[in-house]
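Heads up: the structure comes next, in structure tokens.
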Amino acid sequence: MLENQLRNDEKQCAEHIMLVDLGRNDVGKVSKPGSVTVEKLMNIERYSHVMHISSTVTGELLDHLTSWDALRAALPVGTVSGAPKVKAMELIDQLEVTRRGPYSGGFGGISFSGDMDIALALRTIVFPSGSRFDTMFSYKDMNKRREWVAHLQAGAGIVADSVPADEQRECENKAAALARAIDLAESSFIEK
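Residues 0 to 191 (numbering that gives the first Met the number 0) make up the sequence shown, in order.
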């Protein structure tokens, strides 16, 4: 039922097709002519608290380029910047009062042969460091336990016909999975 609603939601589908077009453009910048392909289009992926429309865009890297060139061509990723990218990033820089930190960045690795595997950090938890770093080693000692602050980061795609309450609910649903992860982690440290 919910999957069909997502597939038939004009706003969600239009937003996703825009992102696929951005992806094709980014991949095309570093790919051999005619090699850019949309291998999967508009698949539904299910997660613990949300469903997503997912597509896969691939291309064959130009011989004189490396995986670093491909990464540079993709950044910032359209799912976190919007379109047109340059103007969207200018607006983000003006409107967002704090830096995103790891949120909407990437993490991964590169092999000695140059193969790269990078994931986009779309839902993140940041625990600011400082004097609290030692609490993990003394968590069961109530006298040494300190309060932790966790910053949960999640977002939603805003387009012209977005409904603010729907976008807020999407952010809350995405962040709920992060909060659940914290609950599960804490429950393993606290004796019942």
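The C-beta atom is built at its ideal place from N, Cα and C for all residues, glycine as well. Being a predicted model, the structure only gives us computed values, none of them experimental.
Note on LYS173: 16 or more other CB atoms within 10 angstroms of its CB, so buried under the neighbour-count rule. Taking the Cα positions, ALA72 is about 35 Å away from ILE181.
Here GLY77 is buried, its C-beta having at least 16 other C-beta atoms within 10 Å.
The segment 60 to 115 contains, as complete beta strand (DSSP E) runs of 3+ residues, the segments 105 to 109 (chain order). Partner residues in the beta bridge of GLN152, as assigned by DSSP, are THR123. DSSP places HIS15 within a helical segment (H, G or I) once states are collapsed to three. Bounds of the beta strand (DSSP E) holding LYS39 are 36 to 45. Bounds of the beta strand (DSSP E) holding ILE52 are 50 to 57. In the displayed model, ALA159 falls within coil according to three-state DSSP, outside both helix and strand.
ARG122 counts as buried, since at least 16 other C-beta atoms from the protein chains shown sit within 10 angstroms of its C-beta. Taking 8 Å as the cut-off, the Cβ atoms of ARG99 and VAL56 do not count as close.
Per DSSP, the continuous alpha helix (DSSP H) segment holding ASN3 begins and ends at 1 to 6. With contact defined as three or more Cβ pairs closer than 8 Å, the segment 91 to 107 and the segment 28 to 45 are not in contact. Assignment of SER186 by DSSP, reduced to helix, strand and coil, places it in the helix class. If you draw a straight line from the Cα of LYS84 to the Cα of LEU1, it comes to about 31 Å.
A distance below 6 Å between beta-carbons, with the five flanking residues on each side excluded, links VAL158 to the following residues of its chain, in chain order: GLU14.
Relative to the Cα of SER54, the nearest Cα in the group VAL29, VAL19, LYS28 belongs to VAL19.
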